[in-house]
Structure formats: C-alpha cells, structure tokens
C-alpha cells in the first residue's frame, strides 16, 4: 500500500505550471515513491519532494484531505500544457482512420517520404540536369555552379531563425510548410521550359578529317536565354527554405517522440532515406533524359542521344516532384503538436547535457530577445562546437567525393562517363544509406550514452581513415595518348595535338570525341586523320586514318575488312577497379556510420530546449565549412593535375580533357587524410571535454521500466486525487 501522503504532495500547489516539468526532470524520485516498500522511505520521500517548493514557502499538508479539488481532466490539461498531445486531424475533425498514423512510426513514414522527395530534387534531378541546362540556356559552368550553391546559401541564411522559432512551435506544421516550399521550388525550377520556346537544333558538326575549313569564328555574344539563370536560382532558394525545417525541426520532433535509446534508429532511418532520394533522382532523371526535350508539345527529331545536339526532357522530373511534395502537406498538417505519449516519454528521460553552463538557459526561446543569448550559450558549449566542426570536416570529404567520384573513376580506369557515374552511384548511395542505418541501429541496440556514442563515432572515423590510403595503391597509370604521352608514330611533338598527319584537317580543340586505334587514344577522329566512317555500327568505327599505322590496306569496304579506329577510350589494362570499389564501399559505410551517432550526441550534449537551434547551427557550419567549399576544393585540386585543357577558338581555356592519374590519386589521399585527422581530433577533443550531469541526478534513461514507472505513478496520482 503506497503512502497517500507521499502521492498527495505530488499534486500540491496546482497554480505552479512547472510541477509536471519537475516530475519529468526527476523520474528517479517518482520511481522510488511508486515502488518503495520500506515505510521509513515512504515517510521520508514527501519531504524530499517538497525541497524544490521551499523558496515559495508552501505549507506542508499534514492531512490527506489537504490537496485541492483537482479533477483528472485538469491534471491531463496540466500535463499537456507543455506537450500538447492530441488526436490526428484538424480542429474538431478527427477521423478514426487517421489515428493509426498518429504514432512515431506513422510520422517517420511521412518524414521519410518528404526526405526522399527533397533528395530526389536537390541532389538528384538538379545535378543530373545541370549539363542539359547549360546547353539549353547557353550558360557557363560558373553560372550553373551558382545555381547549385543557391540551395546551401538559402539553408545557411534561414537555418538559425527557423530552428530557433520552430522549437516552441508546431513542428509538424512547419514540415507541412517545408513540403509546400519544396514543391514550389521544384515547380519554379521547371518554369523556364514553358517560357523559353521550342529548342532549335543547330547544324551537325563533321567529326572526320576534311580539307575544307571546319572551324568556327570566335564569337562572344550572349543570349537572352541566360537570363533564366535568376529563375533557377529562385527555385533553389525556395528548395533551401523547404529543406531547413526538414533536417532541424523534423529531427528534433523524432527525438521528442521516441525513447532515447530508439532515437538514433529513427533519425538514422530518416537520414538514410534522404540519401536514397538522390539515387532515385539519378535513375529517374537519367530515364527522362532519353526523351526529347520538347516531346510533350509534340516535337520530335531524327537525332539520337549520341548526337551532341540532343537534349533530354530534364523538366518532367521536377513537375512530378512538385505534385508529390504538395501531396504531403495534408498529412503533416493533421499531426498534433506532440504525438500521444510524448509527455510520458519525456518524463522517462534524463538530461545528458554537457555540464559547463549549468541550467541558466532552461527558459530560453520565448521571445526574439532570447535569440542572441541562446546563440551565445550554444557557441560557448565546447563539446557541441567540437562535434559541429567534426561533422563539417567530414562533410567536406563526402560532398567532394559525391561530386567528383564519377570523374575519378572515369579517368583512373578508362571508363565512359555514364558507366563511371553508374558505378559511383552504386558505391556511394547504398554505402551511405547502409552506414546511416547501421550506425543508428548499433547505438540503439547497445543503448549507448552520450559519451559512448561519441567514442563509437571516433572508432568508425578511425577505420575510414585507415582505409583512405587505398587511393595510393588502387590507381592506374595513364594509357598512351597521341600528342600527350605518345607521339604520332614518331612524328610530331609531345604536348601538341597537331602533327604532319593531321595538319591539313583543320581540327577543333573544342570538340573532344576520343577514339582508339592500335592501342593509342586520339583526341578525336579528326586528330587521328580519319576521313571515312561507318555510322550505323555501334560503337562507331573509322577508317582511312592517316595518323594510325596501317596493318592492312583498308578501302571503302571497311565493314568486311575491318577498321582502324573505334569511338571511345581505349580499354585499360589496369585491374585495380574491383579492389578500389570494394574498399571504397567499406570506407563509405564506416564514414556514414559516424553521422547518426554524432547527430544524436549533439542532441544529447545541449539543453533540451535548444536542440533545434543546435541542429540549425550544425547545418549552418556544415554548409559554410563543408558542403559549399568541399566541391570547390576538390575541383581546384583535380584541376591542378590536368595535362590537357580544352581551348576554344577564342583562346579561352575551358574544361580539362586529360588528367595525371597518379598525381590525382595522391592529391585526393592528401585531402582525405587531412580532413579525417581534423574530424578525429575534434571528435576526440569533445570526448575529453564532455562532463555528464552529476551521478546523483544522472539516472540511466535506458531503464526499460522507466516509462512503466511513470505510468504507474500517474495512475496512483489520479486515484488519490479522486479519493481526495
């Protein structure tokens, strides 16, 4: 029989709005009161519970009849004052069929769908459509690079304010707003297709050697089509506004709704779906690019995808994403501010915040005046800032490789760009998704505390660091290239594509179409001196090539006698590709295994009310120091290994055609090792600096009976109140 007096004091002084907060902050006291069988402990427990009320000089009741007349409904409304739980629906309309989704799993399902949609658009369709947009709207790569960066710029500008004001707001409605902005951004991004008119094919370029002039005059005129740049930037800014609440408030809401030991699994699953999105975007976008750009308006053409003038229907995927994103607005808008059971779950948790700033920030975030103080408080949290810098360094590597891994595979192992992109996606996407889920699962399975979670992230980063040296050994030397590393059968000079055998062909350096003949690669059929072709064969073949040593006399009947050159790069003799892909796949898994644990550690090491703002700061630094400079640093480093540049008719240097493979591999190892060392340093420093709450209050939140304990205590509380 439990002490009635001990339970009565739990509901005493009903005018204080912090009673439920005190109860949730001290689940150990509730557990002792609910399960104690020692009469002496029962008699001493009420005095212990009254200690927080001593400053208010609240009188201690001496009789069981002392508690005020508090109904069960009033207690329930009091418990919901901070956690406004409720049914799924709108105002007074709560269909029973929707209540099955009013659970953490139901919310996770819709969160994953929105994360997949955002990934499809931002990291899938946009990336795969950039080259088509460059050609269609006559933009330079520097301008399309600005388009890609606009998303991160928008995210950085909005992340702090959205995460600060959304922390106390209705997070599911913020995600409904995110779905609206993602759909609107996708719609705006596709608008240039409907206002720029029909695409006009240019004249076909002759790729073989002709004695007549095949060059074009130098023109620097700009087209009005490039003005659509601002529409694309606006679309990316809107997409950034939609992605901000998704990865800050959405993550915090998941952490609110499930017990601590399950939080990492839910967050890891959500992040894994955001990685799956780009894979779907690449597959979907790749299939849509096989359709002619104006097919929807009845236009067709005789040119095929092999023709340089071909442009695919890049815009269809954005319209599909717009419709799907807006279909998620209604589901998110029907979720309550907090899912049923959130108050009980929060009561079973204990703070693991880094104990350097005390509890001075417990009531932050009520007004805009609190924003500078809240921001300063988090920036002074040394453990939090170390974890943020650790993730920023890691993001620099991952975004750099996500951008340039296909280029690395293409040049190192002599593959086509499409096949290299396929292999890169096959390694990056499954590895990243598996790492996210596996990291969250292990943290949840072993119920790691905040410090152990950081140690686990340090271990996985160490494994990835060790395996990063694979680039030194799994690389290939350059294949012979005429005019670059190989002379034209003893004629010509290294470093020059012009030789006596092609001097009269008027070849263009701006038209790179590699062919392979006699084990040597040539810049184009024109530079190989080929004057005839058999176009209907796949791959395309050429004959009568003056720069290729003839092994047999070839005439116009080349189809039966053979050919001298075929389109494409020469087959590489390097056999390191399988080894590289296997080890790099393992590196990706261990790299992303640290992602979810670090996110969980950030949520644990800060004050409960500052989690959303902490995520906002993390993503701001992650973009400023990671995702924005990452591709720039990787691109600059890879360009430094170039040995053959594209130079147009105006003498302007463009893209790089040939790289020094060995130098490229060594440079990427240097970047990877440097960033991994920075990641491990800040991660290890965070472990050394972290100080958990004092043992007297740091009760393990992984106790499976904690929620049951609080439920039993609440039932006893309601029972005694009714009896009173």
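Numbering (the working numbering), first residue to last: 315 to 1038. Glycine included, every Cβ here is placed at the ideal spot set by N, Cα and C. No experiment lies behind these values; they were computed from the predicted model shown.
| Item | Value |
| --- | --- |
| Determine the extent of the beta strand (DSSP E) in which residue 432 is found, giving its start and end residues. | It is not in any beta strand (DSSP E) - residue 432 instead sits in the alpha helix (DSSP H) that spans 418-433. |
| Does DSSP classify residue 284 as helix, strand or coil? | This structure cannot settle anything about residue 284, because the visible part of the chain is limited to 315 through 1038. |
| Can you look up residue 880 in the DSSP assignment and give me helix, strand or coil? | strand |
| What does the alpha-carbon distance come out to for the pair residue 459 and residue 410? | 49 Å |
| Can you say whether residue 468 is buried or exposed, counting buried as having 16 or more other CB atoms within 10 angstroms of its CB? | buried |
| Assign residue 961 to one of two classes, buried (16 or more other C-beta atoms within 10 Å of its C-beta) or exposed (fewer than that). | exposed |
| Which residues does DSSP list as the beta-bridge partners of residue 500? | For residue 500, which the question treats as bridged, DSSP gives no partner whatsoever. |
| DSSP puts residue 831 in a beta bridge; with which residues? | 834 |
| Output needed for residue 722: all residues of its chain with C-beta closer than 6 Å, excluding positions within five of it in sequence on either side, in chain order. | none |
| Are the CB atoms of residue 422 and residue 502 within a distance shorter than 7 Å? | no |
| Less than 7 Å separating the beta-carbons of residue 645 and residue 424? | yes |
| Do the stretch 726-745 and the stretch 940-955 make contact, defined as three or more Cβ pairs closer than 8 Å? | no |
| State buried or exposed for residue 869, treating a residue as buried only when at least 16 other CB atoms are found within 10 Å of its CB. | Caution is warranted here: a pLDDT of 45 is assigned to residue 869, below 50, making its placement in the model unreliable, and no coordinate value can be reported. |
| Please specify which runs of the alpha helix (DSSP H), each continuous and at least 4 residues long, are wholly inside the stretch 897-936, giving them in chain order. | 909-919 and 925-936 |
| Throw me the rounded Cβ distance for the residue 805 and residue 813 pair, which I believe falls under 8 Å. | 5 Å |
| Could you compute how far the alpha carbon of residue 427 sits from the alpha carbon of residue 1007? | 37 Å |
| Looking only at C-alpha atoms, which of 852, 779, 705 and 841 sits nearest to residue 859? | 841 |
| Would you report the Cα separation of residue 457 and residue 543, rounded to the nearest angstrom? | 7 Å |
| How would you write the range of the beta strand (DSSP E) that residue 799 sits in, first residue to last? | Careful: residue 799 lies outside any beta strand (DSSP E) and carries neither H nor E. |
| Cutting at 6 Å between CB atoms, please list the residues of its own chain near residue 507, excluding the five before and the five after it. | 629 |
| By Cβ distance, which residues of its chain are closer than 8 Å to residue 446, with the 5 residues on each side in sequence left out? | 603, 607, 625, 626 and 628 |
| Can you tell which of 476, 689, 594 and 413 has the C-alpha that lies nearest to the C-alpha of residue 744? | 594 |
| What are the start and end residues of the beta strand (DSSP E) that includes residue 858? | 855-859 |
| Could you compute how far the alpha carbon of residue 636 sits from the alpha carbon of residue 818? | 53 Å |
| I need the straight-line Cα distance from residue 908 to residue 1005, nearest angstrom please. | 21 Å |
| Should residue 473 go down as buried or exposed, given a rule of 16 or more other Cβ atoms within 10 Å for buried? | buried |
| Residue 958 lies in the beta strand (DSSP E); which residues open and close that run? | 956-961 |
| Would you please state the rounded distance, in angstroms, between the beta carbons of residue 416 and residue 737? I believe it to be under 8 Å. | Not quite, the Cβ-Cβ distance comes to about 43 Å (not below 8 Å), so this is no contact. |
| Give every residue of the same chain whose Cβ lies closer than 8 Å to the Cβ of residue 897, excluding the five residues on either side of it in the sequence, and list them in chain order. | 781, 784 and 788 |
| Looking at the structure shown, is residue 694 part of a helix, part of a strand, or coil, going by DSSP? | coil |
| State the Cα-Cα distance for the pair residue 548 and residue 942, rounded to the nearest angstrom. | 18 Å |
| Work out the CA separation of residue 717 and residue 545 for me, nearest whole Å. | 24 Å |
| Kindly indicate which three-state DSSP category residue 845 falls into: helix, strand or coil? | strand |
| What are the boundary residues of the alpha helix (DSSP H) that residue 1040 is part of? | Because the chain in this structure spans residues 315 to 1038, residue 1040 falls outside the shown range and cannot be described. |
| Would you kindly work out how many angstroms separate the C-alpha atoms of residue 685 and residue 478, rounded to a whole number? | 7 Å |
| Whole angstroms are fine: how far does the CA of residue 496 sit from the CA of residue 406? | 29 Å |
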